[in-house]
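Q: Can you keep this structure in mind? I'll have questions shortly.
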Amino acid sequence: MSQIIVIKIGGNAVAQLPASFFQQLAQWRQQGQQILIVHGGGPKISQLSGQLHLAVKKIAGVRVTDAATLELTKAVLLGLVQPELLSQLSAHDLPVIGLNAGCNHLLQGHYLDQAIYGEVGVLDQINDTWLTQILSRQIGVIAPLVQTTAGRWLNVNADTAAAEIATKLNASKLVLLTDVPGVLSAGEVLPELSQQKAHSLIAADVIKSGMTPKIKAAFAALNQGVQQAFITNDLTHTGTTFITQKAGLLNE
Ligand SMILES: Nc1ncnc2c1ncn2[C@@H]1O[C@H](COP(=O)(O)OP(=O)(O)O)[C@@H](O)[C@H]1O
Ligand SMILES: CC(=O)N[C@@H](CCC(=O)OP(=O)(O)O)C(=O)O
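Under this note's numbering, residues 1 to 252 are what the sequence shown spells out, in order.
The structure is reproduced here in structure tokens:
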């Protein structure tokens, strides 16, 4: 049976994908794996927000999104970042398709907490029947937005979206591709990270800002059945591997 690999690519990483990224995707496809890419775009959203004099505010890596910022977010994700990524994949002869919440009720969700975050959502449901048909033929590239049942678009942190999608697809692997080689502590990449250790590093402010939603997302996915989760800047290196409490105790 083919397995699904979900790869989240951060906004910074999209701009600097190495040749090894495309080679690894081609190899996974040859092995019969299905691939879904969830892309970010946070740096570009923040940059354009500044130019348009819209306030940029994040709470633990989650953008507080008012109506104007939501419009800008949709425009950046679906008008700039996604086409750029699709053309890079196509240039490497990989079969790709761009997807978003508006396609066949692909990603349905609800407000996270409107009073605190504004137009930010949580994923409830995914049209997995349709999506897995698509993924049997092409690499899916999807933006981190959900639609409510009433048709409202909501912004979702891309790490959180990737983990929630990976969970709902029962993915074998979740890779969070970013601009650092893994979770760093005292200047070194941690090859493995347990949930307990992550909590203490967050409390010590070693893990902070954009790394926080990644850590939470990775453990949420692992705890709900995704088999493996990594943070890396190179698909050919595992970077930091997340380990469940049980595996962590066995390794001690
Ligand atoms: N302990 C840590 N190890 C590595 N990176 C960290 C850590 N704590 C915070 N960070 C920051 O998290 C960033 C990655 O998150 P983010 O900028 O949101 O990336 P992306 O756009 O890929 O989602 C790193 O560039 C780094 O500045
Ligand atoms: C609600 C929320 O935080 N949405 C994110 C979606 C994009 C994203 O997460 O991009 P990166 O992965 O490049 O940071 C945002 O508006 O920045």
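Beta carbons: idealized from backbone N, C-alpha and C, even for Gly.
What's the gap between the Cα of V81 and the Cα of I202?
A: Numbered from its first residue, the sequence shown carries residue 81 at position 81. Numbered from its first residue, the sequence shown carries residue 202 at position 202. Rounded to whole angstroms, V81 to I202 spans 30 Å at the Cα level.
Q: Taking its Cβ as the centre, do 16 or more other Cβ atoms sit within 10 Å of G79, making it buried, or is it exposed?
A: In the sequence shown, the residue the question calls residue 79 occupies position 79. Flag for G79 reads exposed.
Q: At a cut of 8 Å, does the stretch 134-150 reach the stretch 92-102 through at least three beta carbon pairs?
A: yes
Q: According to DSSP, is G118 helix, strand or coil?
A: Here residue 118 refers to the residue found at position 118 of the sequence shown. Strand.
Q: Just grab the DSSP bridge partners of T232 for me.
A: If you number the sequence shown from 1, residue 232 lands on position 232. Partner(s): L177.
Q: Which value, in whole angstroms, describes the spacing of the CA atoms of V6 and G121?
A: In the sequence shown, residue 6 corresponds to position 6, counting from 1. In the sequence shown, residue 121 corresponds to position 121, counting from 1. Computed Cα separation, rounded: 20 Å.
Q: Buried or exposed for K216, please, with buried defined as at least 16 other CB atoms from any protein chain shown within 10 angstroms of its CB.
A: Locating residue 216 in the sequence shown gives position 216, where the first residue counts as 1. Classification for K216: buried.
Q: Quick one: is the Cβ of N157 within less than 7 Å of any heavy atom of ligand 2?
A: Working through the sequence shown from its first residue, we reach residue 157 at position 157. N157 Cβ: within cutoff of ligand 2.
Q: Should H199 go down as buried or exposed, given a rule of 16 or more other Cβ atoms within 10 Å for buried?
A: Counting from 1 along the sequence shown, the entry for residue 199 is found at position 199. Per the 10 Å Cβ criterion, exposed.
Q: Does ligand 2 have a heavy atom nearer than 7 Å to the CB of T212?
A: Position 212 of the sequence shown holds residue 212. T212 Cβ: outside cutoff for every heavy atom of ligand 2.
Q: Does the stretch 152-164 come into contact with the stretch 37-52, if we say contact requires no fewer than three beta-carbon pairs (one atom in each stretch) closer than 8 Å?
A: The answer is yes - the stretch 37-52 touches the stretch 152-164, with three or more Cβ pairs under 8 Å.
Q: Curious, which full-length beta strand (DSSP E) runs of at least 3 residues does the stretch 130-165 contain?
A: 139-142, 145-147 and 153-155
Q: Going residue by residue through the stretch 39-110, where are the continuous alpha helix (DSSP H) segments of at least 4 residues, counting only ones entirely within it?
A: 42-51, 67-76 and 82-91
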